[in-house]
Amino acid sequence: MKILVVGKGGREHALVRALAESPAQPEMHCFPGSDAIFSLAHPVPVKTLHELVAWMKQNAIDLCVAGEESYLVKDEGLANLCEQAGIPCWGPHKQSAQLEASKEFSKAFLLRHGIPTAMATIVETRDEAMAAIAGTYPTVLKFDGLAAGKGVAVCPDESSAESFLQEVLVQQRFGPGRLLVEDCLTGPEVSIFAAIVDDDYMIFTPARDYKRALDGDAGPNTGGMGAVASRQLIDATLLETIKRTIVEPTVRGLREENLPYRGFLYFGLMLTPDGPKVIEYNCRFGDPECQAVMPLVKGDLAQFCLDGARGALRPELIDFSEGWSVAVILASAGYPEISRNGDEILGLEEVNSARVYHAGTKLHQDGTWVTHGGRVLAVVAQANTLEEAADMAHREAAKVQFPGSQRRSDIGILHF
Ligand code: AMP
Ligand code: GLY
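Residue numbers for the sequence shown follow the numbering used here, beginning at 94 and rising by one.
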């Protein structure tokens, strides 16, 4: 079996490894990949999405796995182009990936299908935004398009709302686009991942990520500073409610609206006093949740994704370990405002009780690894209890050092 994974981050490193460890020992390829991924998967020498799909066809790739979202909505869409070329793709069509790419589209979809979510108003100008906020704080402002995780602001007061509006609507930091003014929900967050194949779905191990830069959930939002994953994160009754009120109406809605979906769908939920509500959809696995979940997956993930991409959901092919998995991120100096590249990373070979996934690193000719991006590495450990898994992940992470390295010390403590 020949598999190609699209993406280059820590999530894709974890996916490539989990797929490579499948029983059939598939031959792995990647685009664009990273130096760390290249040790498991061959890089593909192309530049554009069209060239990539042509290359897959010529090289008889059996399965394309979309790690990262951007290619799903680029050009005609990765999955659409794969379909035209007759290559099974684990990842949704371009029109379905609007669930992530457009907040306006996903909000309208949620409301149309009666799926619990925060109420929102769409605005185009600063004045319309201020009128929609109507002096009620905190308020949530969301840019409509893809903004690399930086397009959402939870504003405690008018001055923070004013500065976000200035940046997004006046200076157009993410380009032209509209904005959602959304009610602010409260409660713990949880990330639910479903493998969706047309009318069918299967839920993977739930996870929680730590979005803020600093301990105690302080500081600016980041791509995610760590994650925990376990079946025990939510109880069976809550999981049933989430399936019945959120996952199943979503799967039905996709079918009713002829939005083809074969791939992972990520439900970002808030467990509010009124029940679970959808904060966002992402048309891919979470990062860094993927790094925490993949080590729990047992069985044949490669065959599961291949059969899913061909239209058959086969839950019997995989299973999930009990217990807990904790992923601790090591970020570079200055993250998230800036990221510093080129710092030498020491101690990687001393990590012996955890997995290390590379998010932003480069391999020098002399064999040393250096930082190359905001989030640099994820150190991931599993154990029967959350405390043991967290202790082990932190202990192993502490062996890895580079100048300016940042790590939250409370990853693994559940603030709810
Ligand atoms: P998103 O990029 O949509 O995941 O939003 C980033 C973060 O903003 C979420 O993880 C939440 O912590 C927060 N957030 C988004 N929408 C809301 C909301 N309606 N109420 C409260 N917090 C929110
Ligand atoms: N961990 C959040 C995300 O992947 O969007």
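Glycine included, each C-beta is placed from N, C-alpha and C at the ideal position.
Judged by the Cβ position, Gly368 fails to qualify as a neighbour of ligand 1 at the 8 Å threshold, every heavy atom of the ligand being at least this far. Exposed is the label assigned to Gln265, since fewer than 16 other Cβ atoms lie within 10 Å of its Cβ. Residue ranges of uninterrupted beta strand (DSSP E) with 3 or more members, entirely inside the segment 374-440 and ordered along the chain, are 390-392, 411-413 and 417-424. A distance criterion of 8 Å places the beta-carbon of Ile215 beyond contact range of ligand 1, judged by its closest non-hydrogen atom. Taken in chain order, the whole beta strand (DSSP E) runs of length 3 or more contained in the segment 341-380 are 355-365 and 368-375. Between Thr315 and Asn152, the alpha-carbon positions lie close to 38 Å from each other. At a Cβ-Cβ threshold of 9 Å, Leu273 and Glu197 count as neighbours. For Ala420, the CB contacts under 6 Å within the same chain, skipping 5 residues up- and downstream, are Gly319, Ala320, Pro381, Gln384, Ala385, Ala471 and Val473 in chain order.
In the three-state reduction of the DSSP assignment, Val493 falls in the coil class, being assigned neither a helical nor a strand state. Beta-bridge partners of Met295 (DSSP): Ala288. The set of residues whose C-beta lies within less than 5 Å of a heavy atom of ligand 2 reads, in chain order, Asp302, Gly317, Gly379 and Asp380.
Proximity of the beta carbon of Val233 to ligand 1 is indicated: a heavy atom of the ligand is located closer than 8 Å. Using a 10 angstroms sphere on the CB of Phe131, the tally of other CB atoms stays under 16, which defines it as exposed. Of the residues Gly242, Glu255, Gly207 and Pro231, the one whose Cα lies closest to the Cα of Asp220 is Glu255. Secondary structure note for Lys167: it is in no alpha helix (DSSP H), with a DSSP letter that is neither H nor E. A residue is called buried when at least 16 other Cβ atoms come within 10 angstroms of its Cβ; Ala227 does not meet this threshold and is exposed. Separation of Gly312 and Tyr374 (C-alpha to C-alpha, rounded to the nearest whole angstrom) is 24 Å. The beta-carbon distance between Leu165 and Ala190, rounded to whole angstroms, is 4 Å. This is short enough to meet the 8 Å contact definition.
Relative to ligand 1, even the nearest heavy atom lies 8 Å or more away from the CB of Glu162.
The residues Asp276, in chain order, have a CB closer than 6 Å to that of Met212 in the same chain once the five nearest residues on each side in sequence are set aside. For Thr210, the secondary structure class from DSSP, reduced to helix, strand or coil, is strand.
Going by DSSP, Met149 is part of the alpha helix (DSSP H) stretching over Leu142 to Gln151. Note that the segment 398-413 does not touch the segment 299-306; fewer than 3 beta-carbon pairs, one per stretch, sit closer than 8 Å. For the pair Ala117 and Leu234, the Cα-to-Cα distance works out to about 46 Å.
In this structure, DSSP gives Ile215 an extended state, which the three-state scheme calls strand. Excluding five sequence positions before and after Glu217, the CB atoms of its chain that fall closer than 6 Å to its own CB belong to Arg271, given in chain order. Annotation for Leu441: Val449, Trp462 and Val493 place their beta carbon closer than 7 Å to its own, counting only its chain and skipping 5 residues before and after. Following the DSSP letters along the chain, one finds Ile96 inside the beta strand (DSSP E) bounded by residues Lys95 to Gly100.
By the beta-carbon neighbour count (other beta carbons within 10 angstroms, threshold 16), Asp250 is exposed. Under the three-state reduction of DSSP output, Lys304 falls in the coil class, being neither helix nor strand.
Looking at the DSSP output, Arg468 shares a beta bridge with Ala424.
The shortest CA-to-CA distance from Glu162 to any of Gly242, Val371, Pro388 and Pro408 is the one to Gly242.
Contact holds between the segment 419-435 and the segment 474-493, because three or more Cβ pairs, one in each stretch, are under 8 Å apart. The alpha-carbon separation between Glu176 and Pro209 amounts to approximately 33 Å. Here the distance from the Cβ of Val245 to the nearest heavy atom of ligand 1 is below 8 Å. Nearest Cα to Val158 within the set Pro408, Gly238, Ala395 and Ala452: Ala395.
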